[in-house]
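**Q** Here you go, one structure.
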């Protein structure tokens, strides 16, 4: 018993000890932590199981934990799990063993967060899943991570919206969501994250406004929202973020002004607002940001002056304001920014001098002032900028000499002074710039010799001295420039030999020496390096053979050897060129036969061999060059037939075989050449008939088959060539009648059918060919009256002579006898029959007239009343007296006063003594005034409305006369006449320089914009061509012949009726829809066809421009290429993709120009089209 009591007493302390131990707080914490750790482990494993299995996942060493609570440990009385998640890859725990940090950055895992149990991680403070392949939405349950202060989901593929629930993570300090595919708006709830110091949602697809609540994040240091689709204004509340160091809003679609509150951000170091649509002024209080290192405002629509306060930003290292509409002077206090490394002010409208204070910026590395209107001299103290690597002053109006101090810039790598008005010599000490890679002095007025010191620039890669007045020899030591890729010396006055040392330039890719006075041989080793792609020596005085190195130069892409005096056998001098696109050897003294190896040039688009002494036949292998667009073998001595293989040249646009001795028939395979626009087979020996298949070449605008032995009739199918401008079938043996179907060619301007055996009458339907301006039908067997058109009436005698029976009121032709040459017996029979017929008809008509008399009187009365009511409205004068004066002044519209004829009527020059306008243009309409009354009223209502139009670029319509005898419109008279007339005359076209042409295009665009968008009601012209563009004495353009255009009234019953002469009319207008906004640039051809196609992408822009005048100067080039860009956009087949005339007018009014990365003569149409669109 004693022992039992004693045992119980011993057990009691033991139980107390156990009880106290189990009840202690440490034990409770242990059990709680163990439970949480187990839950977290299970959650992680569950998420891991949902991820895509890959090698990266295998390296993620997460294993299920096991526990042994009964186990004891010598160092601790607490049981421990055998495996804890705290030891897993990327997992860290707090002191209690709960997961506090998960960093799986760059782990390569792939999957979603849908199976991630955020609720299972109550103590998670740090979550980094960046640089993986996680995708789909960010779950809203992420808001359960209430202790999170760091969240990085960047560089994944997350999509969908940013969950607004993220705004509940109020402990968050850093938030990285960048470089995903998130879309939608930025949630306003982010404004709740008041502890946030860093917010990076850049490079997503976010849209909508920047929420004003962002201004609540007053702890924010770095804010980057760039590279999204954010729009609207920059919220003024952003000025509350006074701790901000970095603000990146660039590459969005933000608009409106830069808020002045941005001047409050005095801690700001980097500010980037570039690549948006911001407008207005740069706020002057931006000068408060004195800590600023970087300021990027480029590529917006900012205007006004550069604020002088910008000179306060003395910590500034990088200043970029390019590609805006800034104007005025460059502020002189920009010279205060002595820490500046980069200064980009290019592509604005800055004017005045380059301030001499710019010489203070001795830390400057890159300086770009190009594409402005800067004038005056280049300041000599620019030579102080000894750290300068890049100096761009091109495309301004700088004048004077290149300062010799430029030689101090020995760190210079890129120097571009092109497209200015610099004159004088190239300073010899430019040879000191031994680090120079790029030297562009082209398109100036530099003169004198090319200094031999240029041979010292052994690092030079590009050298362009073209389009200057340089003279003398090309220095031989140019051969020292062994790194040279591009050498342009085009369009100077260089003479002497091409130095053989040029053959040392083994890296040479482009060599252009055209349009000089060079003589002698082409150096034999010209392609020694085997890299030459573009070689041009056209328009010189070179002699001798083609060097053998060119024969083996398989790298060639574009070659111009034309207009020299080269000799040699063409069949031996050229090889196979797998990359050749363009080859012209025209107008030399080459001989021999065309080699079949030309058919092994699969990329050839242009081959020109005209004007040589080539013999033999055309090899059929030419048909293998299926990419060819232009083939010119004219003016040689070729014989034989045209190969049938030519039918494979389906991209052919121009084919010139004229001036040879080719014979046989014109092959029917020509019917496959559906892109053909220009075909000249004249002056050969072709016989048989003209194949009717030519009538299927619907894009043809020039066809010359003259001076052959063609016979039989003119095929009726030629009448289907509705885009044809010029047709010459003269000097053949054609017979039969002139087909009336030819009158369908409304676009025809020139027609020559002379020296054939044509007979019969000229079709009366020729009177409808209002575009015809020249005709020659001499030396045929034609008879009868001439068509009653101005072209025939004013044709010179030599264009009509040599026919047996033509008559009319023209020159020496006899008057036409209306009754012909009948016999007396026929006359007697005719008279007798006529009398009998009259007697019978009178009996019948007497009864009919009696019945309808009353009704007729009623209708006549109504119509006469209408004529009296609407007859006259001219120049605010008495209509009837004005009508009589016009009749009197024109001698009842005698043809001697006629100055033009169009689709609606004839135009007369009228001198009015009673009108202030003095001389007016009167257009007598081809209207039948006895039509239905409703149409007459509609017409007169429209014309009255048109007299109210007042626009400087629309010919004034003073008034009209509407009478059953004569109906006419009275216009302002413009003495220079039409643009078409000027462009058709060589001398006048040369006087019409690029600036005048650009202004003409602007004027036409402004007029059409007014008609399409600002008139009430709106008007569509429907007949725009160069014939309807008139010029005043100052060459200001005025659109004419709009008086018979139609209002855009969808209820009109006849508004789609085609009125007018042949001109441009968009397809959708013909089909009854009204956009019709197409704009064409001015080239050497007056626009008269609606089929103008966009030029080939590989064609240089300079080839598109009118070759009769000098290339555009540096001041004009920007406007010309901008105009060309708009023109190409206007040729888009889809109306929805073409700019409206309002947009075109706005673009042309803007002085913003396209930025070309290389000179105009080097730029192709394809490169122009690839530039950022002006029309978007």
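Numbering (UniProt numbering), first residue to last: 1 to 1176.
Glycine residues also receive a C-beta, built at the ideal position from the N, C-alpha and C atoms.
Only a predicted model underlies this, so the values are computations on that prediction, with no experimental measurement involved.
1) Give every residue of the same chain whose Cβ lies closer than 7 Å to the Cβ of residue 637, excluding the five residues on either side of it in the sequence, and list them in chain order.
2) For the putative contact between residue 128 and residue 105, defined by C-beta atoms under 8 Å, what is the C-beta separation to the nearest angstrom?
3) What residue from 176, 496, 385, 125 has the CA that sits closest to residue 99's CA?
4) Between which two residues does the alpha helix (DSSP H) containing residue 989 stretch?
5) Do you know whose CA, among 580, 416, 430, lies nearest residue 410's CA?
6) Tell me the residue span of the alpha helix (DSSP H) that contains residue 448.
7) If you draw a straight line from the alpha carbon of residue 228 to that of residue 489, how long is it in whole angstroms?
8) Given a cut-off of 8 Å on the beta-carbon distance, is the pair residue 1005 and residue 1145 in contact?
9) Please work out which residues of its chain come closer than 8 Å, Cβ to Cβ, to residue 793, disregarding the five sequence neighbours upstream and downstream, and give them in chain order.
10) Return the chain-ordered list of same chain residues with a C-beta closer than 6 Å to the C-beta of residue 1148, the five sequence neighbours on each side being excluded.
11) Look up residue 621 in the DSSP assignment and say whether it is helix, strand or coil.
12) Can you tell me which residues form a DSSP beta bridge with residue 397?
13) With distance defined between alpha-carbon atoms, name the residue in 103, 725, 195 nearest to residue 744.
14) With H, G and I counted as helix, E and B as strand and the rest as coil, what does DSSP make of residue 961?
15) Can you list the beta strand (DSSP E) stretches of 3 or more residues lying completely in the stretch 135-187, in chain order?
16) Taking residue 781 as part of the beta strand (DSSP E), name the residues at either end of that continuous run.
17) Distance, Cα to Cα, residue 424 vs residue 360?
18) Which whole-angstrom value is the C-beta distance of residue 654 and residue 630, which I expect to be below 8 Å?
19) What whole-angstrom Cβ distance do residue 262 and residue 283 have, given they're in contact under 8 Å?
20) Taking the C-alpha atoms as reference points, what is the distance between residue 952 and residue 1011?
21) In the DSSP assignment, find the unbroken alpha helix (DSSP H) run with residue 192 in it and report its ends.
22) Which partner residues of residue 685 appear in the DSSP bridge assignment?
23) Return the bridge partner residues of residue 1100 from the DSSP annotation.
24) Starting from the Cα of residue 192, find the closest Cα among 200, 958, 172 and give me that residue.
25) What did DSSP end up calling residue 627 once you bin it into helix, strand or coil?
26) How big is the Cα-Cα spacing for residue 370 and residue 414?
27) Pull up the distance between the alpha-carbon of residue 860 and that of residue 773, whole angstroms please.
28) Quick check on DSSP: helix, strand or coil for residue 128?
29) Are residue 692 and residue 710 closer than 8 Å when you measure CB to CB?
30) Give the C-beta separation of residue 679 and residue 702 to the nearest angstrom, bearing in mind that I take them to be a contact with Cβ-Cβ under 8 Å.
31) Going by DSSP, which residues form a beta bridge with residue 560?
32) For residue 421, I'd like the list of residues in its chain whose CB is within less than 7 Å of its CB, leaving aside the five on either flank, ordered along the chain.
33) In three-state terms, what does DSSP make of residue 893?
34) In chain order, which continuous runs of the beta strand (DSSP E) of length 3 or greater are located wholly inside the stretch 312-367?
35) Should residue 536 and residue 560 be called a contact, given that it needs their Cβ atoms to be closer than 8 Å?
36) What is the DSSP secondary structure of residue 573, reduced to helix, strand or coil?
**A** Reading it off the structure:
1) 613, 614, 615, 660, 661
2) 5 Å
3) 125
4) 986-991
5) Checked all of 580, 416, 430; the closest Cα to residue 410 is 430.
6) Looking at the DSSP string, residue 448 is not in any alpha helix (DSSP H); the run it does join, the beta strand (DSSP E), is 445-448.
7) 45 Å
8) yes
9) 786, 808, 809, 810, 895
10) 1002, 1005
11) helix
12) 375
13) 725
14) strand
15) 150-152, 157-160, 174-176, 181-184
16) 781-785
17) 27 Å
18) 5 Å
19) 7 Å
20) 12 Å
21) No alpha helix (DSSP H) contains residue 192, which DSSP labels as neither H nor E.
22) 663
23) 1164, per the DSSP bridge assignment.
24) 172
25) Coil at residue 627, not helix or strand.
26) 13 Å
27) Because the pLDDT of residue 860 is 48, which lies under 50, any placement of that residue in the model is unreliable, and the question is left without a value.
28) strand
29) In this structure, residue 710 does not lie closer than 8 Å to residue 692 by Cβ.
30) 7 Å
31) 536, 584
32) 397, 398, 399, 444, 445
33) coil
34) Fully enclosed beta strand (DSSP E) runs of no fewer than 3 residues occupy 318-320, 325-328, 342-344, 349-352 of the stretch 312-367, in order along the chain.
35) yes
36) helix
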